[in-house]
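To start, the structure itself, in C-alpha cells.
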Amino acid sequence: AQSVTQPDIHITVSEGASLELRCNYSYGATPYLFWYVQSPGQGLQLLLKYFSGDTLVQGIKGFEAEFKRSQSSFNLRKPSVHWSDAAEYFCAVGEKTSYDKVIFGPGTSLSVIP
Amino acid sequence: NAGVTQTPKFRILKIGQSMTLQCAQDMNHNYMYWYRQDPGMGLKLIYYSVGAGITDKGEVPNGYNVSRSTTEDFPLRLELAAPSQTSVYFCASSYSLAGGIETQYFGPGTRLLVL
Chain U
39 AQSVTQPDIH ITVSEGASLE LRCNYSYGAT PYLFWYVQSP GQGLQLLLKY
89 FSGDTLVQGI KGFEAEFKRS QSSFNLRKPS VHWSDAAEYF CAVGEKTSYD
139 KVIFGPGTSL SVIP
Chain C
751 NAGVTQTPKF RILKIGQSMT LQCAQDMNHN YMYWYRQDPG MGLKLIYYSV
801 GAGITDKGEV PNGYNVSRST TEDFPLRLEL AAPSQTSVYF CASSYSLAGG
851 IETQYFGPGT RLLVL
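As you go down the protein sequences, you meet chains U and C in turn. Reading the first sequence from the start, the letters are residues 39 to 152 in our numbering. Reading the second sequence from the start, the letters are residues 751 to 865 in our numbering.
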C-alpha cells in the first residue's frame, strides 16, 4: 500500500537560511508526487508536482524538489527562506485508480525566525 | 473565478445533531473530494465523486454521506454528530483526465467542533 512519511514534525529556520524538508514514500511503481503548502487558516495550495521526466522539479515561490528513486525520496528545498514561508508543508503520493487517489503525509510545520 | 468555496467556516455542534457542509466549485471540474484533517495526521479522504450522480467511499466514510446532483456542488452530510468528528474539513476538486493525476484545488476549510 502507498504511504508517505515526513520525518520532521517541526522545523525552525532563520530568515535567509536554506531549507530542506524531507519526504519518503512507499509505492511499487513510478509515483505521482506532490508538495502542498497550507498557510494558517487556509486550504492547501500546490507548490510543485512530479510525474515523469527531469527529476529536479521547479515550483512556485522559489521552491524545488528532487525525485530520487533509489532513496524513495522527494525532498523539498529552498535556497533562502522568507518569513512568509512559515506554514505547514505536506508531501503526497498519487495513484491513478478508479479515481485520483492521493495519500498525504502528516505534514511538517515550518517556523521562520526573523 | 471563486475556485472552491466552503460554508460555514466554523460550526459548533452538540452530540447527536446533524448538519451539512457545503462545497461548490466554479472551475467545471469533474472530480470532487472531501477530506478531514486531524492534528499530526495529514488529510484523510472521506468521500469522492468522479462526476455528477457518482460518489464513492474513501478511507474514512463512517458517519458521513454525500451527494452530487450537479457538477458544481458536493455537500457533505453529518448524521448524529460525535466528538470523533471534531476536525477540519476540506473540499477539493480537480479536472481529471485518463492519462494522469491532476492538481487538486482546495477550499479554505470548515472547522467543526462537536461537544
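The C-beta atom is built at its ideal place from N, Cα and C for all residues, glycine as well.
Counted as a single uninterrupted DSSP element, the beta strand (DSSP E) harbouring V864/C occupies residues 860-864. Contact with chain C is absent for K106/U, since none of that chain's Cβ atoms lies less than 8 Å from the residue's Cβ. Separation of the CB atoms of F101/U and T93/U is rounded to 15 Å, and the pair is thereby denied contact status at 8 Å.
Residues A774, G857 of the same chain have their beta carbon placed closer than 7 Å to that of T755/C, with the five preceding and five following residues left out of the count. The three-state secondary structure of S834/C, taken from DSSP, is helix.
The shortest C-alpha to C-alpha distance from S41/U to any of Y137/U, G143/U, Q76/U, K87/U is the one to G143/U. Contact between the region 757-765 of chain C and the region 134-151 of chain U is absent: fewer than 3 CB-CB pairs across the two stretches fall below 8 Å. Residues of chain U with a Cβ closer than 7 Å to the Cβ of S844/C are, in chain order, D138. The same chain holds no residue with a CB closer than 6 Å to that of I47/U once the five nearest residues on each side in sequence are set aside. For a Cβ distance threshold of 9 Å, residue set Y70, F72, K87, F89, G132, E133, K134, D138, K139, V140 of chain U lies close to I851/C, ordered along the chain. Ranked by how close their Cα comes to the Cα of S108/U, the residues T50/U, A67/U, A39/U have A67/U in first place. With a threshold of 16 other beta carbon atoms within 10 Å, E126/U meets it and is buried. Inter-residue distance for I804/C and T860/C is about 23 Å (C-alpha atoms, whole angstroms). Between the region 115-130 of chain U and the region 48-55 of chain U there are three or more C-beta pairs closer than 8 Å, enough to call the two in contact. Take S136/U, set aside five residues on each side of it, and no residue of its chain has a beta-carbon closer than 7 Å to its own. Against chain C, the CB of P144/U has a partner CB under 8 Å away; the residue lies at that interface. Under the DSSP assignment, W121/U falls outside any beta strand (DSSP E); it carries neither an H nor an E label.
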